[in-house]
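Colleague: Heads up: the sequence shown is residues 1 to 256, going by this note's numbering.
C-beta: ideal position from N, C-alpha, C; glycine also.
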Amino acid sequence: MSREPELSPVPWTARDNAKGVAVVIAFLVVIMLLTAIASVMIAFTLLGSEAFLELGPDGVRDYIASDDFTKYLVIVGLAGTLVLEGAILFTVWRFSVAKYRCGWGTLGFRYVKLRDALRLALVVVGACVLVNFLYAVVVSLLGVESLEPTPLPFDYDPHGASLALLAVLSLIIAPFAEETFFRGFLFTGLGKRFGYSWGAVLSALLFALAHLQMAALVPIFVLGLLLAWLYARTGSLWPCIFTHLFYNSIALLFMI
Numbered sequence: 001m002s003r004e005p006e007l008s009p010v011p012w013t014a015r016d017n018a019k020g021v022a023v024v025i026a027f028l029v030v031i032m033l034l035t036a037i038a039s040v041m042i043a044f045t046l047l048g049s050e051a052f053l054e055l056g057p058d059g060v061r062d063y064i065a066s067d068d069f070t071k072y073l074v075i076v077g078l079a080g081t082l083v084l085e086g087a088i089l090f091t092v093w094r095f096s097v098a099k100y101r102c103g104w105g106t107l108g109f110r111y112v113k114l115r116d117a118l119r120l121a122l123v124v125v126g127a128c129v130l131v132n133f134l135y136a137v138v139v140s141l142l143g144v145e146s147l148e149p150t151p152l153p154f155d156y157d158p159h160g161a162s163l164a165l166l167a168v169l170s171l172i173i174a175p176f177a178e179e180t181f182f183r184g185f186l187f188t189g190l191g192k193r194f195g196y197s198w199g200a201v202l203s204a205l206l207f208a209l210a211h212l213q214m215a216a217l218v219p220i221f222v223l224g225l226l227l228a229w230l231y232a233r234t235g236s237l238w239p240c241i242f243t244h245l246f247y248n249s250i251a252l253l254f255m256i
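This is the structure we're talking about:
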């Protein structure tokens with residue numbers, strides 16, 4: 001981003017961004033705790049009280065990690081992710097729309113020509129695929145940790161409800177919620193305070209860290225930068241959402 005983009009001014013501040021990030025982290029911690037508790041409760045129900053107590057802490061941990069319990073653990077994890085995405089949207093609403101009584105259009109839900117949105121989305125996705133390929137080559141040459149995606153535990157039911165829920169999450173809910181938060185809310189707020197170039201870098205870094213995939217930190221960071229550029233180029237979140245959807249579609253296909 002060689003020059004500052006001409007984006008519509010936003011009322012929220014970097015302080016609102018910091019509060020929003022803190023709230024999302026708090027939601028994440030609570031959801032992780034509730035997920036762990038729910039997993040134990042499901043194991044307790046499936047095994048029965050006597051068998052559950054006989055396992056002991058180590059036995060319970062091994063059972064939860066077993067193949068028999070995986071399908072339940074996946075459903076619990078996906079449900080937790082669904083709640084987290086909802087929490088992300090709530091956080092954006094709380095510190096922007098509700099606090100400053102502005103419309104969702106201020107976050108970037110503005111009209112853009114569908115053809116232009118799809119064309120730019122495909123350009124960014126193509127650039128990201130190239131970056132992923134080059135990064136994988138460099139990582140392989142250096143002998144560092146592989147970037148091969150972790151296979152999904154769907155051997156028990158490859159066309160079932162879990163896969164359907166994952167597809168809805170990764171292809172619809174996540175692109176909408178995450179682009180609203182990272183580009184519509186963070187990029188614009190941080191850009192207002194530090195300049196949009198730094199806003200792009202900081203929001204992309206948070207975007208990469210939020211995915212908790214250290215092996216893919218660099219490609220996701222680059223994706224975040226390109227999505228910020230895309231938002232600055234179009235002034236709309238819709239091309240970013242389309243791009244995120246396309247990117248996740250490719251990732252999901254490789255994982256499956």
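Please determine, among ILE241, PHE254, TYR72, LEU253, the residue with the shortest C-alpha to C-alpha distance to LEU122.
Modeller: For this step, residue 122 is matched to residue 122 along the sequence shown. Selected option, being the one with the closest Cα: ILE241.
Colleague: Suppose you measure from the CA of GLY105 to the CA of PHE185; what does that come to, to the nearest Å?
Modeller: Taking the sequence shown and counting its residues from 1, one reaches residue 105 at position 105. Taking the sequence shown and counting its residues from 1, one reaches residue 185 at position 185. Their Cα atoms are separated by approximately 11 Å.
Colleague: With C-beta atoms as the reference, is ALA208 less than 8 Å away from PHE187?
Modeller: If you number the sequence shown from 1, residue 208 lands on position 208. If you number the sequence shown from 1, residue 187 lands on position 187. No, these two residues do not count as a Cβ contact at 8 Å.
Colleague: Where ALA22 and TRP93 are concerned, what is the direct C-alpha to C-alpha distance, given to the nearest angstrom?
Modeller: As a working mapping, residue 22 is identified with position 22 in the sequence shown. As a working mapping, residue 93 is identified with position 93 in the sequence shown. Computed Cα separation, rounded: 15 Å.
Colleague: Excluding sequence positions up to five away, which residues of its chain have a Cβ less than 6 Å from the Cβ of HIS244?
Modeller: Here residue 244 refers to the residue found at position 244 of the sequence shown. Cβ neighbours of HIS244 beyond the five flanking positions: PRO175, GLU179.
Colleague: Using DSSP with H/G/I as helix, E/B as strand and the rest coil, what is TYR156?
Modeller: As a working note, residue 156 is residue 156 in the sequence shown. Low local confidence applies: a pLDDT of 43 at TYR156 is under 50, so the model's placement there is unreliable, with the coordinate-based value given in what follows. Coil at TYR156, not helix or strand.
Colleague: Can you have a look at GLY189 and say buried or exposed, based on whether 16 or more other CB atoms are within 10 angstroms of its CB?
Modeller: Start at 1 with the first residue of the sequence shown, and residue 189 comes out as number 189. Label assigned to GLY189: buried.
Colleague: Quick check on DSSP: helix, strand or coil for TRP104?
Modeller: Along the sequence shown, one-based indexing puts residue 104 at 104. Three-state DSSP puts TRP104 in a helix.
Colleague: With DSSP run on the structure shown, which of helix, strand or coil describes TRP198?
Modeller: Translated into positions along the sequence shown, residue 198 becomes position 198. In the structure shown, TRP198 sits in a helix (DSSP, three-state: H, G or I).
Colleague: Relative to the C-alpha of ALA14, which residue among ASN132, ARG193, PRO219 is closest?
Modeller: As a working note, residue 14 is residue 14 in the sequence shown. Answer by Cα proximity: ARG193.
Colleague: Round the Cβ separation of PHE95 and TRP12 to the nearest angstrom and send it over; I've been treating them as touching at under 8 Å.
Modeller: Sequence index remark: in the sequence shown, residue 95 carries index 95 (1-based). Sequence index remark: in the sequence shown, residue 12 carries index 12 (1-based). About 6 Å; that satisfies the 8 Å criterion.
Colleague: Could you give the distance in angstroms between the alpha-carbon of TYR111 and the alpha-carbon of ILE37?
Modeller: Against the sequence shown, residue 111 aligns to sequence position 111. Against the sequence shown, residue 37 aligns to sequence position 37. Looking at the two C-alpha atoms, the distance is approximately 44 Å.
Colleague: With 16 other CB atoms within 10 Å as the buried threshold, where does PHE246 fall?
Modeller: Residue mapping note: residue 246 aligns to position 246 of the sequence shown, counting from 1. With 16 or more Cβ atoms within 10 Å of its Cβ, PHE246 is classed as buried.
Colleague: By the three-class DSSP mapping on this structure, what secondary structure does ARG110 have?
Modeller: To locate residue 110, count along the sequence shown from 1; it is residue 110. Coil at ARG110, not helix or strand.
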